[in-house]
Amino acid sequence: MTSPHTLADRQYDFWADAAADAVEERVEAGEEIVIKGGISPSGVPHFGNMNELMRGHFVAEVLRERGHDVRQVFTTDDRDPLRKLPRKLADLDGNIVGLGEVDASALGTNLGRPYTDIPDPFGCCDSYGDHFSEIIRQSADLLGIDLDIRSNTDLYESGAFEDVTRHILAHADEAREILGEYQDKVDASYVPFNPICAECGTVTETVTSIDAVAGTVEYRCTDIEAGGQTIEGCGHEGTATLREGKLPWRFEWPAQWQTLDVDFEPFGKDHAEGSWPSGEHIARSLLGNEPPVPMVYEWFTLDGEAFSSSAGNVVMVSEVLELLEPEVVRYFFTKDPKRARDFSIERLDQLVDEFDRFERLYFGEEDGGETETARAERAYPFVTDPDAARIRIPYTFAAVLGMTDDDELRATMARRSGHLPEDASDEQVERALGRVEKARAWAVRTDNEYNYRLAEELPEVAFDDATTNALADLADYVETERPDGETLHEEIFETARDHGVEVGDFFTAGYRLFLDEQQGPRLGPFLAALDRTFVTERLRLRE
RNA sequence: GGGCCGAUAGCUCAGCCCGGCAGAGCGUCUGGCUUUUAACCAGACGGCCAUGGGUUCAAAUCCCAUUCGGCCCGCCA
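Pasting the structure below:
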């Protein structure tokens with residue numbers, strides 16, 4: 006069999022080049038290349054699911070750069086039956102809501118039915134499946150991925166899967182034999198087709214006879230096991246066409262490859278030792294079709310815990326993009342797919358710093374090792390359009406700027422701190438400050454040490470006389486001298502010493518006064534950037 | 001039980017294909033900038049490369065075994 010693990014074993018600056026090489030070996034010159042991914046819209050599509058899009062996306066982009074015509078297809082496996090109620094759902098605006106906030110009982114009565122046959126619990130889309138497929142589409146848009154999204158249900162209903170389904174059923178014995186090599190429980194009664202009961206709508210499992218020529222099966226709606234519980238069948242006996250049911254996953258996947266002419270498909274490690282080997286075998290032996298170039302990716306964890314739609318440990322792309330610029334998110338996916346990674350919300354600053362360095366390496370603004378420089382030079386253009394004029398404010402400092410909502414004040418503080426050149430254009434400034442809202446959202450979400458605000462009102466303070474007098478002197482100095490940040494910073498030290506106040510205590514007094522915190526940004530430049538009257542009034546402890 | 005993938009500095013990760021001085025960033029510490037403050041500069045500390053064997057002049061790298069973590073071996077996807 007073709008090992009889906011081998012791609013990253015060869016040395017490339019960017020893993021997508023290895024995958025692209027393998028795809029080029031497979032395809033005829035000039036033919037359109039199809040790259041696919043797919044997930045079941047069973048619940049909240051989370052950040053970890055984005056592997057299924059992003060990995061294929063980078064391979065597609067590399068192949069396009071090499072002059073190929075590439076289409077990225079994404080199947081929403083929406084004919085799969087609902088097996089278990091997820092603990093959390095999400096509306097189209099990116100809000101995650103608990104199961105209790107929607108009509109859970111209306112969902113519970115639909116266990117066993119295809120996602121596209123279940124009403125949307127939010128009432129905004131045609132079905133449960135369409136709802137979550139829509140969120141996948143939104144996520145792709147947010148990440149700048151051009152996707153041709155195909156509904157599995159549509160592929161069945163339109164007849165697109167009919168030929169391959171008929172072929173599989175006409176060779177049911179062979180299908181059974183192949184699958185039996187991979188699964189123990191395949192017995193003589195196994196039929197690789199699950200009709201949808203015409204009476205209760207459940208995806209059933211008991212087929213009593215096949216007429217491949219006519220394209221129908223006879224079935225009896227029996228109980229099915231799902232999610233550790235039993236979904237009762239209604240006992241109905243009927244006839245279903247090949248458009249009124251679905252193939253079991255292990256056949257459905259190769260059926261998608263054949264029908265959609267798939268050349269490359271990335272998939273999670275759960276498929277690597279299960280459905281990939283059987284799918285490859287089915288494609289070659291049963292369908293006479295060359296399976297796509299495979300690539301396994303490792304799963305991400307979220308702050309150290311497994312992503313889980315059903316358990317509700319999720320973060321959606323839309324949420325992540327409130328915290329990070331899209332290029333940073335895309336950068337995250339340029340890393341080696343083989344390695345399990347933690348997506349740490351707590352330490353997003355680290356990821357952004359890493360991205361900023363990656364970017365500087367590309368522009369030759371920083372010296373790095375041979376390997377990392379080569380990777381940056383190769384991969385960066387696939388992350389974002391290179392713009393040598395961009396200015397990046399360090400993420401944690403951007404979080405500091407989030408203490409105020411005043412854009413002018415933010416820009417002033419950034420200039421005084423040296424993070425914005427004086428001659429930066431308005432557009433450069435605006436783009437640089439775009440990071441502030443993200444970093445601020447991060448500080449608030451994690452409630453870390455950057456989560457502080459400019460104290461609009463005078464905080465409750467009690468200073469000794471020396472400190473009070475020193476603050477008053479400082480106010481006079483600011484009023485009469487109008488110092489710049491550095492000068493003021495020096496004066497703070499001078500003033501503290503003149504009044505016999507410990508320098509550290511005096512700084513703490515300043516942070517208490519303006520931020521209601523024990524510490525904060527460099528005080529001189531910070532105060533110099535604020536409104537002068539506001540500063541002097543506050544230093545004089547006036548309300 | 002059988003199979004697959006992973007493990008490198010406190011943290012995040014390169015390096016492994018094709019053996020040749022143990023690396024980067026961040027953090028920490030020290031010093032400097034007239035100055036403890038989420039600024040800057042310089043430097044230092046930090047490693048049984050999961051463990052044990054083997055091959056080799058030489059092993060993080062190749063081979064074998066083991067440990068730990070994840071996954072697969074469902075008429076689930």
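Take 6 as the starting number for the first sequence in my numbering and just add one per residue. C-beta atoms are modelled at their ideal positions from N, C-alpha and C, and glycine is treated no differently.
Asked                                                                                                            : Found
Where Ala-311 falls: helix, strand or coil (DSSP)                                                                : strand
Gln-234, DSSP secondary structure in three states                                                                : strand
Option nearest Asp-216 by Cα separation, candidates Cys-205, Ala-245 and Glu-29                                  : Ala-245
Neighbourhood of Glu-57 by C-beta, 8 Å cutoff - its chain only, sequence neighbours within 5 removed             : Gly-42, Gly-43, Ile-44, Phe-79, Pro-271, Phe-272 and Gly-273
Sufficient close CB pairs (3 or more, under 8 Å) joining the segment 208-226 to the segment 128-145              : no
Thr-339, DSSP secondary structure in three states                                                                : coil
Other residues of its chain near Glu-186: CB distance less than 8 Å, five sequence neighbours each side excluded : Ser-283 and His-286
Pairwise C-alpha distance: Ile-350 and Arg-380                                                                   : 25 Å
Uninterrupted beta strand (DSSP E) stretches inside the segment 56-111 (no shorter than 3 residues)              : 75-81, 93-95 and 101-103
Thr-213 (DSSP reduced to helix, strand or coil)                                                                  : strand
Element boundaries [alpha helix (DSSP H), containing Ser-280]                                                    : 280-286
Residues that DSSP places opposite Asn-199 in a beta bridge                                                      : Lys-251
Inside the segment 125-187 only - beta strand (DSSP E) runs reaching at least 3 residues                         : 153-156
Expected contact under 8 Å - CB spacing of Ala-180 and Leu-291 to nearest Å                                      : 6 Å
C-beta contact flag for Gly-53 and Leu-307 at 9 Å                                                                : yes
Rounded Cβ spacing between Ala-95 and Met-418 (contact assumed at less than 8 Å)                                 : With a Cβ gap of about 36 Å, Ala-95 and Met-418 do not count as contacting.
Delimiting residues of the alpha helix (DSSP H) encompassing Ile-497                                             : 490-503
Runs of alpha helix (DSSP H) lying entirely within the segment 327-379, each at least 4 residues, in chain order : 331-337 and 353-367
Start and end residues, alpha helix (DSSP H) containing Lys-443                                                  : 431-451
Candidates Ile-150, Arg-365, Arg-440 and Ile-396: closest to His-424 by CA position                              : Ile-396
Spatially closest choice to Leu-535 from Leu-406, Ile-40 and Ala-145, by CA coordinates                          : Leu-406
Simplified DSSP state of Val-298, which is helix, strand or coil                                                 : strand
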